[in-house]
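Here the structure comes first, spelled out in structure tokens, and everything after it is commentary.
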Amino acid sequence: MTLFRGYRRMAPAALLLLAVLAGCASPKYQAPVEDRSASRAGTHAPADASKPAAPVEAKPGTYIVKPGDTLMRISLETGQAWRDLAKWNNIDNPNVIEVGQVLRVVPPGTEPGVASAKPLAPTKVETKPLDGSKPASAASSAASAGSAATASASPQAAAKEPDDDIAWGWPAGGPVIGGFDESRSKGLSIGGKAGDPVYAAADGRVVYAGNTLRGYGNLIIVKHNANYLSAYAHNQTLLVKEDQTVRKGQKIAEMGASDSDKVQLHFEIRKQGKPLDPAKLLPPR
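Below is the structure:
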């Protein structure tokens, strides 16, 4: 009984001692989670505040390099030859570009979004009739001139650009085994056997021939004019070189399965870098 009473008298002191020890020990072992989260959230100033932050949006005629980008991929996305991009941006090594770097993707001196030619204004016709028969004829001529001017200046007439007038041809003779889907497939998949010929879909100049663009295998890109290019992927053999001029229907490669799980030709048509559905531009079979 005496021991029990002594234990009861000592218990509060022991408990107090344990609480004090726990309070002293906790700062040594508890991680400052809240402080680290705040730091990650950007509540503290950057190490070098003198450096401007990377621009969020690219201005017209420019492209901001994103993680995983290569100059070859940027050339495909913007519809420009990679050698031109390197030249316009003073890039000595095309394999060295930095995330956040702003690249010019139009020729120097070009103003993006500005029309190259203004529509002609309607001709003003003044008539001075000499007798009763002339005014009707003059009025008719003026009306005809006005109608012609209106038609030439209408949006429908101006919608088609000279660069759109390309006589496309099929790049391979096999069946279409995969259609266009902008979110998943930016072109057509055309089936065939290894070694089947691949043809240039239109006249143009080879701006890329190689296999550094991931997901495309042995790839050829042909630039047809200022706006349009075509791409031919997964080839077994490339038969043309960069800067070589090709003609519509010319054999430029042999079909294969490079960077693909089966033999096929992946074919794209792009206007200013934007993928279009080739099935809507190719002639019916």
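Quick note, the sequence shown lines up with residues -30 to -1, 1 to 255 if you use mature numbering (1 follows the signal peptide of the UniProt record, and there is no 0).
We treat Cβ as the ideally placed atom computed from N, Cα and C, and that holds for glycine.
- By the beta-carbon neighbour count (other beta carbons within 10 angstroms, threshold 16), Glu27 is exposed.
- Counting other Cβ atoms within 10 Å of its Cβ, Lys57 stays below 16 and is therefore classed as exposed.
- A Cβ-Cβ separation of about 6 Å places Gln50 in contact with Val75 under the 8 Å criterion.
- Within the model, the alpha-carbon separation for Thr182 versus Ile191 is close to 12 Å.
- In terms of Cα proximity to Gln214, the closest of His204, Leu251, Gly185, Tyr178 is Tyr178.
- Apart from sequence neighbours up to five positions away, the residues of its chain that approach Val146 with a beta-carbon distance below 8 Å are Leu158, Ser159, Ile160, Gly161, Ala249, ordered along the chain.
- Minimum Cα-Cα distance from Asp135 among the listed residues Val66, His194, Lys232 corresponds to His194.
- In this structure, His236 sits away from Tyr169, with a CB-CB distance that is not shorter than 9 Å.
- Within the same chain, Arg217, Lys218 come within 6 Å of Asp173 by CB-CB distance, once the 5 residues on both sides are set aside.
- When Thr32, Pro254, Thr207, Ile239 are compared, the shortest CA-CA separation from Lys221 is found for Thr207.
- In this structure, the straight-line span from the alpha carbon of Arg154 to that of Pro78 is close to 34 Å.
- The shortest CA-to-CA distance from Gly243 to any of Gly38, Ile44, Pro37 is the one to Ile44.
- In its chain, beyond the 5 residues on either side, Lys221, Ile222, Ala223, Glu224 have a beta carbon closer than 8 Å to the beta carbon of Leu209.
- Inter-residue distance for Arg255 and Trp140 is about 9 Å (C-alpha atoms, whole angstroms).
- Residue environment analysis places Asp231 among the exposed positions, since fewer than 16 neighbouring C-beta atoms fall within 10 angstroms of its C-beta.
- For the pair Ala227 and His204, the CB atoms are nearer than the 9 Å cut-off.
- In the displayed model, Pro245 falls within a strand according to three-state DSSP.
- Shown here, Thr80 sits in coil according to DSSP, grouped into three states, outside any helix or strand.
- As computed with DSSP, Asp151 is found in a beta bridge with Ser155.
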